[in-house]
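Chemist:
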Amino acid sequence: MSTSSGLDVRLPIGGLFASLGLVLTVYGLATAGDPTHYARSMSVNINLWWGLVMLAFGLLLLLATWLGRRDTSGPHPIPAANGKKGS
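Just so we're aligned, residue 8 is where the sequence shown starts under this note's numbering, counting upward by one.
1. For the region 29–40 against the region 59–74, do three or more pairs of beta-carbon atoms, one drawn from each stretch, fall closer than 8 Å, so that the two count as touching?
2. Grab the span of the alpha helix (DSSP H) containing T43 for me, first residue to last.
3. Where R17 and W73 are concerned, what is the direct C-alpha to C-alpha distance, given to the nearest angstrom?
4. Could you check if A39 is buried or exposed, using at least 16 other CB atoms within 10 Å of its CB as the buried criterion?
5. Per DSSP, what kind of secondary structure is S26 in: helix, strand or coil?
6. What does the alpha-carbon distance come out to for the pair P42 and S50?
7. For G28, count the other beta carbons within 10 Å of its own beta carbon; 16 or more makes it buried, fewer makes it exposed. Which is it?
8. Classify T10: buried if its beta carbon has 16 or more other beta carbons within 10 angstroms, exposed otherwise.
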């Protein structure tokens, strides 16, 4: 997922989704007791549910970024079975 310049797009996109998902989740929790607020969505707290979805997706992208950056040293040499260096 990295380009030649070393920018991994999962990091800013994951941060954006996680931060907006957190804001939307907090807003959904803050307005949970208002039934008139969610009359058009059949009394479903849509802000809370989509906030949780966006937060989970953002955290998944950030986790993928972190796991992708853990081992960037390249392939590790395989030791020879007889103890000698390979030819």
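Every residue gets a Cβ at the ideal spot worked out from N, C-alpha and C, and that includes glycine.
Modeler: Result, derived from the coordinates:
1. yes
2. That residue, T43, is in no alpha helix (DSSP H); it is neither H nor E in DSSP.
3. 10 Å
4. Its Cβ having fewer than 16 others within 10 Å, A39 is exposed.
5. Of the three classes helix, strand and coil, the one that applies to S26 here is helix, per DSSP.
6. Linking P42 to S50 through their CA atoms gives a straight-line distance of about 7 Å.
7. It counts as buried.
8. Bear in mind that the predicted position of T10 carries a pLDDT of just 48, short of 50, making it too unreliable to give a figure here.
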